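Enquirer:
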Amino acid sequence: TLEHPENFNPESVTTGDFTGNGDLNLSVSWNESQSTVAIYEAGDGSSPIHTINYGDLSDGIETEIQDFYPTPVENVGDVNNDSVDDLLVSASQSSASTSAFLYLGGSSLSTQPDEVVNLDGLLYAGSSIQRLGDINDDGIDDFVVGVGSGLQTGAYVYYGQDGTPDFSGPDLNITLNPGSNENLSIF
Numbered sequence: 136t137l138e139h140p141e142n143f144n145p146e147s148v149t150t151g152d153f154t155g156n157g158d159l160n161l162s163v164s165w166n167e168s169q170s171t172v173a174i175y176e177a178g179d180g181s182s183p184i185h186t187i188n189y190g191d192l193s194d195g196i197e198t199e200i201q202d203f204y205p206t207p208v209e210n211v212g213d214v215n216n217d218s219v220d221d222l223l224v225s226a227s228q229s230s231a232s233t234s235a236f237l238y239l240g241g242s243s244l245s246t247q248p249d250e251v252v253n254l255d256g257l258l259y260a261g262s263s264i265q266r267l268g269d270i271n272d273d274g275i276d277d278f279v280v281g282v283g284s285g286l287q288t289g290a291y292v293y294y295g296q297d298g299t300p301d302f303s304g305p306d307l308n309i310t311l312n313p314g315s316n317e318n319l320s321i322f
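Heads up: take any position in the sequence shown, counting from 1, add 135, and you land on our numbering.
#1: Quick check: the Cα distance between D217 and T288, rounded to an integer number of angstroms?
#2: Note down the Cα distance separating D221 from N156, rounded to an integer number of angstroms.
#3: On the CB-based measure, 16 or more other CB atoms within 10 Å of its CB, does G151 come out buried or exposed?
#4: Report, in whole angstroms, the separation of the C-beta atoms of V282 and L254, which I expect to be a contact under 8 Å.
#5: Please work out which residues of its chain come closer than 7 Å, Cβ to Cβ, to D269, disregarding the five sequence neighbours upstream and downstream, and give them in chain order.
#6: For Q201 and L159, what's the separation of their Cα atoms in angstroms?
#7: Could you spell out where the beta strand (DSSP E) holding A177 opens and where it closes?
#8: For D249, which residues from the same chain have a beta carbon less than 7 Å from its beta carbon, with the 5 sequence-adjacent residues on both sides left out?
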């Protein structure tokens with residue numbers, strides 16, 4: 136049983152081997168007065184082995200609880216091809232959110248992200264994150280991030296890269312154009 140702050144429930148949960156030791160980890164996004172992502176090790180009790188505080192992120196995300204809605208955390212697979220699962224954290228639906236934050240799995244996880252995934256300052260960017268597997272057939276996992284709201288929605292696809300990845304821009308931009316004859320454009 137995981138202990139959590141009183142009156143707060145997990146916003147998002149994902150699993151994977153983020154520490155590279157062969158054991159399953161559970162990553163939980165808690166929405167509380169100090170929004171955090173806690174990573175637990177299977178069989179190591181209810182205390183997290185690693186905690187990421189949104190207020191510590193280099194992008195300066197606001198940590199006021201009213202600014203946050205369900206905050207996705209997702210095992211995006213092995214996006215840097217080192218045989219360890221990687222974790223993507225988003226502060227979705229916050230007016231200050233312009234990025235998602237990639238934590239490359241390994242024996243020592245950092246409190247700061249290894250890579251900032253640029254979402255072009257779009258409002259409601261990162262409201263959904265999904266592991267895609269290897270869609271471009273290069274042997275490295277890829278992922279997608281949902282962007283926009285209302286009439287301007289779509290997705291950014293990022294292809295995994297060997298070594299230290301650079302996700303400063305999407306590899307594929309999918310835009311939905313409701314109300315027009317062309318409902319999907321990919322460029």
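Where is the CB? At the ideal position from N, CA and C, for every residue including glycine. Note that the structure is predicted; figures quoted are calculated from it, not measured.
Expert: On the basis of the data shown:
#1: 33 Å
#2: 13 Å
#3: buried
#4: 6 Å
#5: I275, D276, D277
#6: Reliability fails at Q201, whose pLDDT of 42 lies under 50, so the model's placement of it is uncertain and the value that follows must be treated cautiously. Approximately 32 Å, taken between the alpha carbons.
#7: From DSSP, A177 is part of no beta strand (DSSP E); its letter is neither H nor E.
#8: L237, Y238, L239
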